[in-house]
Each structure stands twice: as structure tokens, then as C-alpha cells.
Amino acid sequence: MDERPVLFFDSGVGGLSVLAAARALLPRMPAVYVADSAGFPYGTKSEAEIGARVPALLGRLAERYRPRLIVIACNTASTIALAAVRSALDLPVVGTVPAIKVAAAHSRSRVIGVLGTDATVRQPYVDDLAAQFASDCRVLRHGSAELVALAEARLRGDPADPSRYRAILAGLFDQPGGDRIDTIVNACTHFPLVEHELRAAAPHPVAFVDGSAGIARRIAFLTEGQAWPVIAPPGLAVFTGGVSDAARLGDALAGHGLTTVETL
Ligand code: DGL
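Encoded structure:
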């Protein structure tokens, strides 16, 4: 029996969107979900801050929880620190990068929106993805820290006024050519958690895509042939900062199989 968990890592609750996709494919997977609440939010931090924080923290987490694999369920951390984490750790690390390839395969208008954090949308990693997979598309980008906050609030049971979603999406649709966007990449793992609200706020119908299904397939591929427990053990949610509002997140965590909560 192999009880080693898969460790999912994000700054907050965004990585739950990735955990959900992984669980759908691997229902017996033991999971540890780590929210770096002490470092939240990442999207407004510098490359130097993320680059120093994430590899060091994941090193500590790997020692403590002995995972079989780590999923950096955060676009900001992945686009900045994935290579450093991989070279520091002696275990497989799956990253989350903007699903521009998926969007390019889907778009008919050849105008794609990339909605991420400020830190993610300015990364050369995103330039490279756009050049490699969407060279015949216009790729418009917008970073929003507010949308991360709205997703965090939404999981705590606080809905926001639809006008706030409309104003955030205007950051994409009001750019030159933005009226032709037909596909939006949710390039922050928080955003699929409010996809329903985003869809309702869009000025015309658009498809939303993200990388979670691809990540789930990658986890399945990398763990192929490994044993899983007969029944998934209760999942563990770990917060690096205080969990003063853990009670408000309880339902959302339990809904993802995370029934135990601890702080680091
Ligand atoms: N969920 C994270 C991402 O995918 C970042 C949210 C934040 O801390 O700003 O980029």
C-alpha cells in the first residue's frame, strides 16, 4: 500500500480547481492541499519575492509531508519558479501554466484573452507560450488582483455584485480587438472558481479554458503503475498563516475532500 499523498500548492484556495480535476480522474488519491496564506496574494509580488519564497517553502513541505508528487496549482508560482523548484527537489513537480495552447486550438476568431494575475501576465513564459502555440492569434492579457480576492470571498460564502466582474472583464474586452475575443484563458487557478460569474458578466458568449484537465492527466501519467489506497484517506488542508476564517472555508474544503485542517 502506498499512502504517500499528492501535494497541491497555491497561495490560497485557487488550487482547489486543480485538485477537483485531479480527484475526478484519480478518486483514491491521498491529497494534502497547502495554501500559503501567510504569503497570499502572490499576484502582486515581485519575481524576486516569489522566486525566493516558493522553492524554500516547497522544500520544507516535501520534508514534512513526503509526497509522491507535487503540483504547483498556481500559475504565478509556476511561471516564475517552476524551474527552480524542479532543480531543488528530488521528486516529480507538475506546474500550472496558462492554457494558451488549449485556447488556440479552440478559438475561431483567433483573438484570445489571457486573464491572470499581474505577475503572471507579464512573464516571458507567457510570451513564449503565445509565440509557440498561438502565433497566428492576437493574445490580449489582463491582470487582476481583485478577481483573486473575489474568488477567495466567494468560497467563504460572500458573493460579489456582477458589476465587479463586468469591470474586470472590461480590462480585456475594451482593448483594441477585444470585441473579437471568443476564448478566455483562466490563467490563475482562482478564476475557474468564479467561472459561472465571469461567464454571466461577459459582453458576448465566450469559452473559458484552463489547464486543470491537462494537469490531472499529467498526474495520472506520472503516477501510472503506483498503488493507491483502497479508499481515499481524508484529505488534509494546510495553511501557512492563521486559519481564523477556516470555519467559513469549511464547506468548500470538505467539498473537496479536505476534512482535516492544520497550520504550519
Ligand atoms: N492562484 C494563483 C495563480 O494561479 C495566484 C493568486 C494570487 O495569490 O495572487 O496565479
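Numbering-wise, the working numbering puts 283 at position 87 of the sequence shown, and it's gapless, one number per residue. Don't be surprised by glycine CBs; every beta carbon is placed ideally from N, CA and C.
- In this structure, GLY291 is the residue among GLU348, GLY291, GLY438, ASP324 with its C-alpha nearest to the C-alpha of ARG413.
- A residue is called buried once 16 or more other Cβ atoms fall within 10 Å of its Cβ, and ILE266 is buried on that count.
- Straight through space, the alpha carbons of THR419 and VAL426 are spaced by roughly 16 Å.
- Within the same chain, ARG352 come within 8 Å of ASP441 by CB-CB distance, once the 5 residues on both sides are set aside.
- Boundaries of the beta strand (DSSP E) around HIS338: 334-339.
- When secondary structure is reduced to three states using DSSP, TYR361 falls in the helix class.
- At a Cβ-Cβ threshold of 7 Å, PRO226 and PRO429 count as neighbours.
- In this structure the region 446-458 does not lie against the region 248-265, because fewer than three pairs of beta carbons, one per stretch, are closer than 8 Å.
- Ranked by Cα distance from PHE369, the first of GLY339, CYS384, LEU454, ARG350 is GLY339.
- The ligand DGL never approaches ASP323 closely enough for any of its heavy atoms to be under 6 Å from the residue's Cβ.
- Taking C-beta separations shorter than 6 Å and ignoring five residues to either side along the sequence, the partners of ALA315 in its chain run GLY239, THR272, following chain order.
- Taking a contact as a CB-CB distance under 8 Å, the pair ILE296 and ALA330 counts as one, their CB atoms being some 5 Å apart.
- Contact between ILE411 and ALA218 holds, since their C-beta atoms are separated by about 7 Å, short of 8 Å.
- The beta carbon of PRO294 sits no closer than 6 Å to any heavy atom of the ligand DGL.
- When VAL390, GLY431, ALA269 are compared, the shortest CA-CA separation from GLU342 is found for VAL390.
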